[in-house]
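Using UniProt numbering, you'd call the opening residue of the sequence shown number 1 and step up by one each time.
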Amino acid sequence: AERMASPTTATSPNAVTFYSAWFCPFAQRVWIALEAKEVDYQWVECELYEGERSGSSKVALSLEEKRRRTPGFIECCPRGLVPGIEYQGHKLYESLALTEFVDESFDGPPLMPSTPAGRARVK
Numbered sequence: 001a002e003r004m005a006s007p008t009t010a011t012s013p014n015a016v017t018f019y020s021a022w023f024c025p026f027a028q029r030v031w032i033a034l035e036a037k038e039v040d041y042q043w044v045e046c047e048l049y050e051g052e053r054s055g056s057s058k059v060a061l062s063l064e065e066k067r068r069r070t071p072g073f074i075e076c077c078p079r080g081l082v083p084g085i086e087y088q089g090h091k092l093y094e095s096l097a098l099t100e101f102v103d104e105s106f107d108g109p110p111l112m113p114s115t116p117a118g119r120a121r122v123k
C-alpha cells in the first residue's frame, strides 16, 4: 500500500504524536522510520525560530514561546529540539533513539540489520 509522504492526521486514538520541523534532517530520519513501518501518527509541526516558518532566521524561540506556540512539545522534548514522539504515555526524544524505538515497537520489516556489525555499519 502506497502512502503519501506528507504531514498526516492520525486515524487512531492510539496513534503516535510526532513533533517535528520540516527542515530538520534529524526529524526526517524518524519520519522515514514511521513511514517505512506504516505507523499511524499525527505530525505536529513545531515552530523553533523567529520569523517565517522556513527556519531560516536561526534565532531560536525561547522554551516558553515554543511551549506557547506548540502545546505538548516542551513536555515531550524538554530542550526544545525536534524530533520527539509521544506514545502510550511515553515522551521520547533524540532521533537515533526514536528510530530504534519505532523499529522495535511496530510491526513490519526490520529497519536495522540483525547483527551488531551490520547495525554499526548503518549507524
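Even glycine gets a Cβ: it sits at the ideal position worked out from N, Cα and C. Please read these numbers as outputs of a predicted model, since none were measured by experiment.
With a minimum length of 4 residues, the unbroken runs of alpha helix (DSSP H) contained wholly in the UniProt domain "GST N-terminal" (14 to 110) fall at 25 to 36, 63 to 69, 73 to 76, 95 to 105.
Look at the beta carbons and you see the region 12 to 21 touching the region 40 to 50: at least three pairs across the two are nearer than 8 Å. For Pro116, the enclosing alpha helix (DSSP H) begins and ends at 116 to 122. Take Lys58, set aside five residues on each side of it, and the residues of its chain with a beta-carbon closer than 7 Å to its own are Tyr49, in chain order. Beta-carbon to beta-carbon, Pro83 and Phe26 are separated by about 6 Å, close enough to satisfy the 8 Å threshold.
Linking Tyr41 to Leu34 through their CA atoms gives a straight-line distance of about 8 Å. Contact check for Ala36 against Leu111 passes: the beta carbons are separated by less than 9 Å. Taking Ser12 as the centre and dropping the five residues before and after it, the same chain places the C-beta of Asp40 closer than 6 Å to its C-beta, in chain order.
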